[in-house]
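Visitor: Take any residue in the sequence shown, count from 1 to its spot, add 1: that is its number in my numbering. Right, I'll just put the structure down here and ask away after.
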Amino acid sequence: MSRIGKNPIAIPAGVTVEVAEGVITVKGKLGQLTQTYVDVTVKVEEGQVIVERSSDAGDHRSKHGLYRSLISNMINGVATGFTKELELVGVGYRASNQGQKLDLALGFSHNIVLEIAPEVVLETISEKGKNPIVKLTSYDKQLLGQVAAKIRGFRRPEPYKGKGVKFVGEVLRRKAGKSA
Numbered sequence: 002m003s004r005i006g007k008n009p010i011a012i013p014a015g016v017t018v019e020v021a022e023g024v025i026t027v028k029g030k031l032g033q034l035t036q037t038y039v040d041v042t043v044k045v046e047e048g049q050v051i052v053e054r055s056s057d058a059g060d061h062r063s064k065h066g067l068y069r070s071l072i073s074n075m076i077n078g079v080a081t082g083f084t085k086e087l088e089l090v091g092v093g094y095r096a097s098n099q100g101q102k103l104d105l106a107l108g109f110s111h112n113i114v115l116e117i118a119p120e121v122v123l124e125t126i127s128e129k130g131k132n133p134i135v136k137l138t139s140y141d142k143q144l145l146g147q148v149a150a151k152i153r154g155f156r157r158p159e160p161y162k163g164k165g166v167k168f169v170g171e172v173l174r175r176k177a178g179k180s181a
C-alpha cells in the first residue's frame, strides 16, 4: 500500500470538494481548481477525501500517491495558498512590476518583460543594500512553480560567484575557481 496514498486528506472549513465522473473540483476562498483522474477511486466521507486504487498493478500503484498529493495540494491551495520568493543576486540586477508585467534587468543588453498569469499575484521588493526579491503568490501550486522556474531560467545561478536568479533559502554548490 502506498504510504502517501493511504493517508486521508482533511477538508478545512470553507472548502468544498465535489467528485464527478473522473473529475474532482475543489472550491475555496482563494479560487477553484479542477483535476481529472484515472485508475483510482476518490470518495468524500466525513470531512475527508479518501483515495483508493482498484488493483495492485504498477501503474495503479504509482497513480495512487500521485493523485492523493495533487488533491492535497489543491485543498491547501484554495484554503491558504502558496508563496515562492526569488532573489536576484548580482551587480545591477533589478526587478520591477506594473500590474502583472514583470520587468527584469539581469545584465543582458535589454530588459526582460514577462507577462504573469492572472492567477499569480506578483510583488517586487527592492530595499537599499539588499538583493531585489520577486514574490509570487497563488492558489495553484503547479502554475506557481512553472512561473517561478521560468523566471529562474532567464539567469540561472552560476557556481563561482553565485550570480543569477535563485530561490530564497536555496543553497548553491560553489566552486573554488582558478588557483595560482
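All C-beta atoms, glycine included, are put in the ideal place defined by N, C-alpha and C.
Is GLN101 helix, strand or coil when you go by DSSP?
Guide: coil
Visitor: Tell me which residues share the same chain as LYS136 and place their Cβ nearer than 6 Å to its Cβ, disregarding the 5 neighbours each side in the sequence.
Guide: GLU86 and GLU124
Visitor: Tell me the DSSP secondary structure of LYS30 in three-state form.
Guide: coil
Visitor: Quick one: is GLY6 buried, meaning 16 or more other Cβ sit within 10 Å of its Cβ, or exposed?
Guide: buried
Visitor: From THR35 to ASN77, what does the alpha carbon distance come to, in whole angstroms?
Guide: 13 Å
Visitor: Measure the Cβ-Cβ separation of GLN101 and GLU116 and say whether it is below 8 Å.
Guide: Contact: yes.
Visitor: Compute the distance between the beta-carbons of GLY66 and GLY165, then report whether it is under 8 Å.
Guide: no
Visitor: For TYR161, does the count of other Cβ atoms within 10 angstroms reach 16, so buried, or fall short, so exposed?
Guide: exposed
Visitor: With distance defined between alpha-carbon atoms, name the residue in THR37, VAL148 and VAL169 nearest to ARG69.
Guide: THR37
Visitor: Near SER55, what residues of its chain come up, given a Cβ to Cβ distance below 8 Å and the 5 sequence neighbours on each side ignored?
Guide: ASP40, VAL41, THR42 and HIS61
Visitor: If we call anything under 8 Å between Cβ atoms a contact, is ALA106 one with ASN98?
Guide: The answer is no: Cβ separation not under 8 Å.
Visitor: In the DSSP assignment, the beta strand (DSSP E) including SER139 goes from what residue to what residue?
Guide: Where SER139 is concerned, the enclosing beta strand (DSSP E) stretches over 134-139.
Visitor: What first and last residue would you give for the beta strand (DSSP E) that runs through GLY165?
Guide: 165-168
Visitor: Which residues bound the alpha helix (DSSP H) around VAL148?
Guide: 142-154
Visitor: Given a cut-off of 8 Å on the beta-carbon distance, is the pair GLU159 and ASN132 in contact?
Guide: no
Visitor: Assuming ALA1 and GLY48 make a contact with CB atoms under 8 Å, what is their CB distance in whole Å?
Guide: No answer is possible for residue 1: the residues shown for the chain start at 2 and end at 181.
Visitor: How many angstroms separate the CA atom of ALA177 from the CA atom of SER110?
Guide: 29 Å
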